[in-house]
Amino acid sequence: MVSGRAFGMWMDIVCLLFLACVTLSFLVLDT
0 MVSGRAFGMW
10 MDIVCLLFLA
20 CVTLSFLVLD
30 T
């Protein structure tokens with residue numbers, strides 16, 4: 000299931016990007 004692994008990897012990347020955006024927004028709004 001190569002497609003399944005690729006999909007899981009994409010979900011990991013999207014999750015990391017989402018968390019990074021949320022953290023950055025909190026830091027920017029906090030200052």
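The opening position of the sequence shown corresponds to residue 0 in numbering that gives the first Met the number 0, with each subsequent residue numbered one higher.
Ideal placement from N, C-alpha and C gives every residue a C-beta, glycine not left out.
Because the structure is a prediction, the values reported are computed rather than measured.
Local conformation of residue i per DSSP, three classes
| i | result |
| --- | --- |
| residue 22 | helix |
Close-in-space but distant-in-sequence residues of the same chain around residue i (CB under 8 angstroms, 5 per side omitted)
| i | result |
| --- | --- |
| residue 8 | none |
Own chain residues within Cβ distance below 7 angstroms of residue i, not counting five before or after
| i | result |
| --- | --- |
| residue 22 | none |
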